[in-house]
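Structure record follows, encoded as structure tokens.
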Amino acid sequence: THTSVAIRDALDIFKKPMIELHISNIYKRKDFRKKSLISDVVTGGIFGLGVDGYILAIIKLHKMLNNEN
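Using our numbering, read the sequence shown as starting at 3 and increasing by one per residue.
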């Protein structure tokens, strides 16, 4: 998220919904971890909700892919 320009470029090419997910809240961490290189190319983000964030991301992606948004 905060170091790979190559991953950001690959995500920018992918034209399906994407969710940036972090188990911990990156905004409570060191300053360099607060900068996301991918936030501007993803559909949304989930931060700091622990592993429950994965379930929320799957539910939301399913809805977006089925146009239930």
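Yeah, the Cβ is synthetic: ideal placement off N, Cα and C, and Gly gets one too.
Just the Cα atoms here: how many angstroms apart are R35 and I9? Here residue 35 refers to the residue found at position 33 when the sequence shown is read from its first residue. Here residue 9 refers to the residue found at position 7 when the sequence shown is read from its first residue. Roughly 16 Å separates the two Cα atoms.
Checking 8 Å against the spacing of the C-beta atoms, do I61 and G55 come in under that value? By 1-based counting over the sequence shown, the position of residue 61 is 59. By 1-based counting over the sequence shown, the position of residue 55 is 53. Going by C-beta atoms, I61 is not nearer than 8 Å to G55.
Sort V7, M66, R31 and G50 by Cα distance to L23 and report the nearest one. In the sequence shown, the residue the question calls residue 23 occupies position 21. The option with the nearest alpha carbon to L23 is G50.
Hey, M20 and V53: beta-carbon distance below 8 Å or not? Taking the first residue of the sequence shown as 1, we reach residue 20 at position 18. Taking the first residue of the sequence shown as 1, we reach residue 53 at position 51. Not in contact: M20 and V53 (Cβ atoms no closer than 8 Å).
What does the alpha-carbon distance come out to for the pair L63 and S38? Within the sequence shown, residue 63 is the residue found at index 61, counting from 1. Within the sequence shown, residue 38 is the residue found at index 36, counting from 1. Straight-line Cα distance between these residues: approximately 20 Å.
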